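Numbering (our numbering), first residue to last: 6 to 117.
Virtual Cβ for every residue (Gly too), placed ideally from N, Cα, C.
These figures come from a predicted structure and were not determined experimentally.
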Amino acid sequence: MASFQRRFKELRHERGWTLDDLAELLGTTKSTLSRYENGLREPKIEFAEKSAGVFGVSTDYLLGKSDSRKGEDDAQLKMLFRKAGELSDEEREEVLSHFENTLNLYLKHKRR
Numbered sequence: 006m007a008s009f010q011r012r013f014k015e016l017r018h019e020r021g022w023t024l025d026d027l028a029e030l031l032g033t034t035k036s037t038l039s040r041y042e043n044g045l046r047e048p049k050i051e052f053a054e055k056s057a058g059v060f061g062v063s064t065d066y067l068l069g070k071s072d073s074r075k076g077e078d079d080a081q082l083k084m085l086f087r088k089a090g091e092l093s094d095e096e097r098e099e100v101l102s103h104f105e106n107t108l109n110l111y112l113k114h115k116r117r
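Okay, here's the thing in structure tokens:
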């Protein structure tokens, strides 16, 4: 299986992102990302989780532990739920209501 550095670089290239683009998305520097891509630095779990969320893959895929891009735990959903945890109870209820309505509408139209 692939290494983190290979997967990280591969995913960035697939999306057509420069190191500057990705650095902005991840809140880090171009030089830090270059070190990851060249195997000069190993990611901490928090960085791997954030990166997986940005790329839309599982952390296991990004870390080279799996060849399946989407694990049982979808990284993007985990990140969204983590962000939702920062909201007040009232805000969270509103967001969940919108999400449920949007999902139901999507599924209704998809099944036609």
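What residue range does the alpha helix (DSSP H) around residue i cover?
i, result
"L110", "94 to 115"
"A57", "50 to 60"
"A28", "24 to 31"
"E47", "Element bounds for E47: n/a, residue is neither H nor E."
Output the distance between the C-alpha atoms of residue i and residue j, rounded to the nearest integer angstrom.
i, j, result
"V100", "L31", "24 Å"
"N106", "S63", "26 Å"
"N43", "M84", "26 Å"
"S36", "L27", "11 Å"
"L38", "G61", "18 Å"
"L24", "L82", "24 Å"
"W22", "F86", "26 Å"
Excluding the five sequence neighbours on either side, which residues of its own chain have a C-beta within less than 7 Å of the C-beta of residue i, listed in chain order?
i, result
"R97", "A89"
Ignore the nearest five residues each way along the sequence and tell me which others in residue i's own chain have a CB closer than 8 Å to its CB.
i, result
"V59", "L27, L30, L31"
"F9", "Y41, E47, P48, A53, L67, L68, G69"
**Item:** the region 59 to 70 touching the region 87 to 95, judged by at least three CB pairs closer than 8 Å
**Value:** no
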